[in-house]
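Down below is the structure, laid out as structure tokens.
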Amino acid sequence: PRARATRAVAQAAESLSGKSIFFFPDSQLEIPLARFLTRECGMRAIEVGTPFLHKTILGPDLDLLEAGPHLTEGQDVERQLDRCRAATPDLTVCGLGLANPLEAEGLTTKWAIELVFTPVHFYEQAGDLAGLFSRPMRRRAALKLGAAQ
């Protein structure tokens, strides 16, 4: 199963590697997702926001999260929006209420709610999980290509 998962993740990682990501706090999945995307897909986390940071529970993921991302706990949306806009990440994971305005500003977004309701556990879904993050960037690239034609 692990080899199959590695192959599946590698396909999505081609479009994710070297890209930056910004997580607004939403689901408490942000830290494990940032760990997966940085370690397995080659992304660079700029900021990882989480509603509540329980260091005992998230400790193993924090230990595996590379140094660098700004970790935030709780909601301060205006400041987080300012940091996100200044950073201009390749992908922004946020709630539905922020996604459309950020898309209108030119940022590529991923709805955080999808990550709660999509089965992304164990090796069998690792490729699907990586694909959830590569699709918005492929969509943005296709829209740019279509607009150029």
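Using the working numbering, read the sequence shown as starting at 85 and increasing by one per residue.
Backbone N, C-alpha and C define an ideal beta-carbon position, used for all residues, glycine too.
Please read all numbers here as calculations on a predicted model, not as lab measurements.
- Comparing alpha-carbon positions, the option among GLU114, LEU175, GLU150, ASP145 lying closest to SER218 turns out to be LEU175.
- According to DSSP, ILE105 shares a beta bridge with ALA129, LEU175.
- Under DSSP, the beta-bridge partners assigned to HIS154 are GLU131.
- With a 10 Å radius around the Cβ and a threshold of 16 neighbouring Cβ atoms, ARG223 comes out exposed.
- Under the 8 Å Cβ criterion, the region 129-145 does not count as touching the region 205-212, having fewer than three qualifying pairs.
- Cβ contact annotation for VAL93 (same chain, cutoff 6 Å, sequence separation greater than five): GLU124, ALA210, GLY211, ALA214, in chain order.
- Boundaries of the alpha helix (DSSP H) around THR90: 86-100.
- Between PRO135 and ASP166 the beta-carbon gap is near 19 Å, outside 8 Å, which marks them as no contact.
- Between the C-alpha atoms of ILE105 and HIS154 there is a straight-line separation of about 11 Å.
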